[in-house]
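Structure, as structure tokens:
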Amino acid sequence: MSIVRNIAGIAKGMSITFGEMLQPTQVENYPDGPGPLRGAKFEQRYRGAHVLQRDENGLEKCVACFLCAAACPSNCIYIEADENTEEKRISSSERYAKVYNIDYNRCIFCGYCVEACPTDAITHGHGFELATLNATNLVMRKEDMLTPFQARTEEK
Ligand code: SF4
Ligand code: SF4
1 MSIVRNIAGI AKGMSITFGE MLQPTQVENY PDGPGPLRGA KFEQRYRGAH VLQRDENGLE
61 KCVACFLCAA ACPSNCIYIE ADENTEEKRI SSSERYAKVY NIDYNRCIFC GYCVEACPTD
121 AITHGHGFEL ATLNATNLVM RKEDMLTPFQ ARTEEK
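Structure representation (structure tokens):
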């Protein structure tokens, strides 16, 4: 009986193999073409490299509350806070993040930091090309993650 079961199992497995052989070949032309995630339906939910967001006035949304760092299970977020002044306003609140680093050597892309942020300052982008031969390149700084300021043009 066990021989019959084994033969049936092999036949079942091989039927899937031969079935796949008859399907059209799908080729990703990456890295010369678009990456496998670009344009894919599930891209919206993909947890890629982090982005630090700005508000509609161009100020940084991060108010240096440290909640993301507290929520991070890998302890890979490093923040130094500083006070905003009348002359130098970086965020809309009292404080802003003078230094904001994420160490991608340790990050597991769990998204807890994004969930913990009360101002939606930190989000996951779609970037995934993070591989490097130098581990120090995996420490992302605020300047690497901050979304560029785009001045709003007045509507005519
Ligand atoms: S995604 Fe997870 S591991 Fe990475 S910085 Fe955020 S909380 Fe930490
Ligand atoms: S990213 Fe969000 S949670 Fe983290 S320090 Fe800034 S405001 Fe607070």
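When the count follows the UniProt record's numbering, it moves up by one through the sequence shown with no breaks and lands on 156 for the last residue. Built from N, CA and C at the ideal position, the CB exists for glycine as well.
- Residue state for tyrosine 112 is assigned as helix, using DSSP reduced to three classes.
- Straight-line spacing of the CA atoms in glutamine 23 and methionine 14 works out to 15 Å.
- A distance below 6 Å between beta-carbons, with the five flanking residues on each side excluded, links glycine 125 to the following residues of its chain, in chain order: Gly48, Ala49, Val51.
- Residues lining ligand 2 by the Cβ criterion, that is a Cβ closer than 6 Å to any of its heavy atoms, are Cys62, Val63, Ala64, Cys65, Phe66, Leu67, Cys68, Ile79, Ala97, Ala116, Cys117, Thr119, Ala121, Ile122 in chain order.
- By the Cβ criterion, the stretch 62–79 is in contact with the stretch 110–120, since at least three pairs of Cβ atoms, one from each stretch, lie closer than 8 Å.
- Taking the Cβ of histidine 50 as the reference point, at least one heavy atom of ligand 1 falls within a distance shorter than 8 Å.
- Counting other Cβ atoms within 10 Å of its Cβ, isoleucine 102 reaches 16 or more and is therefore classed as buried.
- With fewer than 16 neighbouring CB atoms inside 10 Å of its own CB, lysine 98 falls in the exposed class.
- Remark: the C-beta of tyrosine 100 is outside contact range of ligand 1, defined as less than 8 Å to any heavy atom.
- Under the 10 Å beta carbon count, tyrosine 30 is surrounded by fewer than 16 other beta carbons and is classified as exposed.
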